[in-house]
Amino acid sequence: MTTPQTRTTAGAAGAERAAARSTVYGYPRQGHDRELKRAVEGYWRGRVTAGELEATAARLRAARLRELAEAGIDEVPTGDFSLYDHVLDTAVMVGAVPERHRAALAASPLDGYFAMARGSRQAPPLEMTKWFDTNYHYLVPEVGPETRFAADSRTQVAELREALDAGVAARPVLLGPVTFLLLAKPAPGAPADFAPLGLLDRLLPVYARLLADLRAAGAEWVQLDEPALVQDRTPAELAAAGHAYAELGRPGNRPRLLVATYFDRLGPALPLLARSPVEGLALDFTGRAAANLGDLAAVGGLPGKRLVAGIVDGRNVWINDLAASLSTLGTLLGLAERVDVAASCSLLHVPLDVRAERDIDRQLVRWLAFARQKAGELALLARGLSAGTGAIAAALAANRADLASRAASPLTRDPAVRARAAAVTPAAGDREAPYAERAAAQGAALGLPPLPTTTVGSFPQTGRLRAARAALRAGTLDHAAYEAVIEEEIREVIAFQERAGLDVLVHGEPERDDMVRYFAERLTGFLTTTHGWVQSYGTRCVRPPILLGDVSRPAPMTVRWTSFAQSLTARPVKGVLTGPVTMLAWSFVRDDQPRGDTARQVALALRDEVADLQAAGTAVIQVDEPALRELLPLRAADRAGYLSWATAAFRLTTGAARAATQVHTHMCYAEFGDVLEAIDELGADVISLEAARSGMRVAGELAAAGYPRQAGPGVWDIHSPRVPGREELAALLRLALADLPAARLWVNPDCGLKTRGWEETRAALENLVAAAREVRAEL
Ligand code: GLN
Ligand code: ZN
77 MTTPQTRTTA GAAGAERAAA RSTVYGYPRQ GHDRELKRAV EGYWRGRVTA GELEATAARL
137 RAARLRELAE AGIDEVPTGD FSLYDHVLDT AVMVGAVPER HRAALAASPL DGYFAMARGS
197 RQAPPLEMTK WFDTNYHYLV PEVGPETRFA ADSRTQVAEL REALDAGVAA RPVLLGPVTF
257 LLLAKPAPGA PADFAPLGLL DRLLPVYARL LADLRAAGAE WVQLDEPALV QDRTPAELAA
317 AGHAYAELGR PGNRPRLLVA TYFDRLGPAL PLLARSPVEG LALDFTGRAA ANLGDLAAVG
377 GLPGKRLVAG IVDGRNVWIN DLAASLSTLG TLLGLAERVD VAASCSLLHV PLDVRAERDI
437 DRQLVRWLAF ARQKAGELAL LARGLSAGTG AIAAALAANR ADLASRAASP LTRDPAVRAR
497 AAAVTPAAGD REAPYAERAA AQGAALGLPP LPTTTVGSFP QTGRLRAARA ALRAGTLDHA
557 AYEAVIEEEI REVIAFQERA GLDVLVHGEP ERDDMVRYFA ERLTGFLTTT HGWVQSYGTR
617 CVRPPILLGD VSRPAPMTVR WTSFAQSLTA RPVKGVLTGP VTMLAWSFVR DDQPRGDTAR
677 QVALALRDEV ADLQAAGTAV IQVDEPALRE LLPLRAADRA GYLSWATAAF RLTTGAARAA
737 TQVHTHMCYA EFGDVLEAID ELGADVISLE AARSGMRVAG ELAAAGYPRQ AGPGVWDIHS
797 PRVPGREELA ALLRLALADL PAARLWVNPD CGLKTRGWEE TRAALENLVA AAREVRAEL
């Protein structure tokens, strides 16, 4: 191995190499106690003034600077902070404000900003969608032929000044112009052939202006994030990226430019940026993106440029293998003028500080690195790279010991689980009979009418339920009393569904505050955190469980509640489980084995739950996979491999169901094009899908793909409090009937009802049953 020590004076000219610096691209925004969330929501409710909100935000920014500096980070990012979302900030910064929000923004920058994020009485918000393959959601900018960009550098400049005044070396981070346009969607009313990227030449002068302003404010370097370049891009898009950086890189009164990409390998855009006049590239060298190393060598490196190496995984929670990273960094030293050390992406995607986890065993805490700990790792790596491994010998030894303890721990490796997983054959994913036979057996067992009605699982979370949960946590309500509240909720949900005339009932999921966490708390191999908050969107934060070891199920998890619900009614009650892919997608997963192996273990545990539900008399079992599409790799070439293990895990979960047991699945997104085949591959007897907002388009897509089984394209858009009327629901059903035969069509809402109130739920479900009856009568 080439030790970094021998390379500290590398380079063709043999000149003394600059010491490596550590940096990050972004840091969690909410604060240790989610102070930002509370301040922003308080502002919305009128309980916090604009001045108080800004003071809280400034305090949090200062704390971040201090924390990063204390951790030994040499160059801190600025401008990555946001009151809501950095893509929305970018839209405001370049003046890409939809017509409908312009007046409000002019009247009050703060209220106009929040109106773009959340909508106002006058104007709906921007659309929200997932940030690449993470669980962060951004607001989708809208641009059209009429968009006139204008630079507003005030926030960026002010935040840079804050950092420079605090005496730290700072580098503003901006979303790059190419990614901004590639993420944008055409504004309402734009011509059908309008592509946002066509506005690039209008946008570049605005970026040039921003860069000049930042230079004037003291920025030596500015980072431009271009993660969209790690996706499959057309030659025209690549050419646009080349053009953008040729333009922005023109000599002039500008800071030095660092173009950053992350989440995957850069591919064909790598030679393009390497040849461009920008002074630096930041590349991801973790996971799939590790291919950047070979690609970089193949293009002859970055002579004369700065390379920022994303070597610490910025989106998972495990400690870094410092020796392995130093070895990679040592190789990289020969490939650029100067090499600095960073996390693979913004640390926005991990919780803030593992030291806040008082309930996690001290030994396990040593295996974990949240944002604060990752900053420390980066500082160590930079030191090791500059001064040699001897300078960080003690830290390396401790790191080696922690990695070894994790690898050898019985918590991560359970021989029984491994033996069982190794013995799985593909046949375990096969149902006992082909679909036609299953459908006949299920028809006989269930005796449902045509166009059967059902719901997706959860019912409104009532105040009583929330109070009971809080009391249980506080210790003022004992377990038995808590369970009595759950039973009472189930009684009401069942009674309502019987009254409303639904055909397949659910118990309403009152025992689950979160569909992943509930199962994670009951499966061996998962860890849950108390403070491990990660921003999902705006002020909404989630605490993803940590999947750290081999997974098994000590005891049934849902049978008690599903059976209780079934005991209250003669109609079939559907058991509802969270599927293996979604369990992985909404957790931090182990990085010491392929995700497919982890998914198989989770599937086996869930398979036991399916078997137990069935043995307890549950005739309909739904395995939710709302996240199936979320984990889809960013590059098409990697997708088949993912879909193969994902569908295998679902099949393994449900393969235990007998022919007469009806297996349902549920997914909630309206874009199915690239996963239709995989959906078929799952083999579920019934699938419910989001469809109302897209006018049942998915029914046509399923029909066109020759989907052979039953489907319930959702007729009620549960994301809005609006109650759809019977006629509207019947019309959607008739639309679906144009594509799917009545014998294979189900009637259900788009998704679960836990975010809805009881009043609208009652009215909408009564209308839904009435609509189904009306359309049934026409068959
Ligand atoms: N069964 C879950 C529910 O109804 C499904 C939620 C989801 O698809 N995200 O809440
Ligand atoms: Zn859903």
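Numbering (this note's numbering) for the sequence shown: 77 to 855.
We treat Cβ as the ideally placed atom computed from N, Cα and C, and that holds for glycine.
Bridge partner(s) assigned by DSSP for residue i
| i | result |
| --- | --- |
| Arg-616 | Tyr-613 |
| His-26 | Any property of residue 26 remains undetermined from this structure, which presents the chain solely from 77 to 855. |
| Phe-157 | For Phe-157, which the question treats as bridged, DSSP gives no partner whatsoever. |
| Asp-360 | Gly-386 |
| Tyr-594 | Partner(s): none; Tyr-594 has no beta bridge. |
| Thr-529 | Val-823 |
Proximity of residue i and residue j at Cβ, strictly below 8 Å
| i | j | result |
| --- | --- | --- |
| Glu-930 | Thr-337 | For residue 930 there is no data in the structure shown, the boundaries of the chain being 77 and 855. |
| Thr-741 | Glu-701 | yes |
| Ser-98 | Leu-623 | no |
| Glu-218 | Ala-260 | yes |
| Leu-240 | Leu-257 | no |
| Thr-205 | Tyr-214 | yes |
| Pro-632 | Glu-685 | yes |
| Asp-815 | Ala-848 | no |
| Ala-767 | Trp-822 | no |
| Asp-340 | Leu-710 | yes |
| Val-845 | Leu-578 | yes |
| Val-739 | Asp-761 | yes |
| Thr-488 | Gly-625 | yes |
| Leu-290 | Val-298 | yes |
| Ala-96 | Leu-342 | no |
| Leu-653 | Arg-671 | no |
| Ser-534 | Gly-601 | no |
Residue i - DSSP class collapsed to helix/strand/coil
| i | result |
| --- | --- |
| Pro-185 | helix |
| Ala-307 | Per the sequence presented here, residue 307 reads as Gln, with Ala not at that position. In this structure, Gln-307 counts as coil in the three-state DSSP scheme. |
| Ala-419 | strand |
| Met-77 | Unreliable positioning characterises Met-77 in this predicted model, as indicated by a pLDDT of 37, which lies under 50. A coordinate reading is not provided. |
| Tyr-101 | coil |
| Val-652 | strand |
| Glu-151 | strand |
| Trp-822 | coil |
| Val-388 | strand |
| Lys-830 | coil |
| Met-772 | coil |
| Asp-301 | strand |
| Met-204 | strand |
| Tyr-283 | helix |
| Ser-534 | strand |
| Pro-486 | coil |
| Val-574 | A small correction: the amino acid at residue 574 is Glu; Val does not occupy that position in the sequence shown. Looking at Glu-574 - three-state DSSP - the assignment turns out to be helix. |
| Gly-551 | coil |
| Glu-850 | helix |
| Asn-843 | helix |
Buried/exposed call for residue i, threshold 16 Cβ in 10 Å
| i | result |
| --- | --- |
| Gln-439 | exposed |
| Ala-374 | exposed |
| Ala-167 | buried |
| Pro-311 | exposed |
| His-425 | buried |
| Leu-144 | buried |
| Leu-719 | buried |
| Thr-85 | Note on Thr-85: pLDDT 38, under 50, position unreliable in the model; the coordinate value appears next. Answer is exposed; the Cβ neighbour count stays below 16. |
| Asn-329 | exposed |
| Pro-536 | buried |
| Leu-305 | buried |
Among the options, the one whose alpha carbon lies nearest that of residue i
| i | options | result |
| --- | --- | --- |
| Arg-309 | Cys-827, Val-254, Ala-839 | Val-254 |
| Glu-836 | Thr-604, Ile-794, Ala-242, Asp-165 | Ile-794 |
| His-319 | Ser-352, Ala-661, Ala-474, Thr-674 | Ser-352 |
| Ala-226 | Thr-488, Thr-831, Arg-278, Thr-729 | Arg-278 |
| Arg-676 | Ala-345, Pro-502, Leu-398, Asp-371 | Pro-502 |
| Gly-614 | Tyr-101, Leu-129, Leu-181, Phe-190 | Phe-190 |
| Gly-519 | Ala-819, Glu-323, Leu-752 | Ala-819 |
| Leu-348 | Ala-366, Pro-331, Gly-377, Gln-698 | Gly-377 |
| Gly-749 | Ile-763, Arg-773, Ala-732 | Arg-773 |
| Gln-449 | Lys-830, Pro-104, Glu-706 | Pro-104 |
| Pro-510 | Cys-827, Tyr-119, Gly-759, Gly-776 | Gly-759 |
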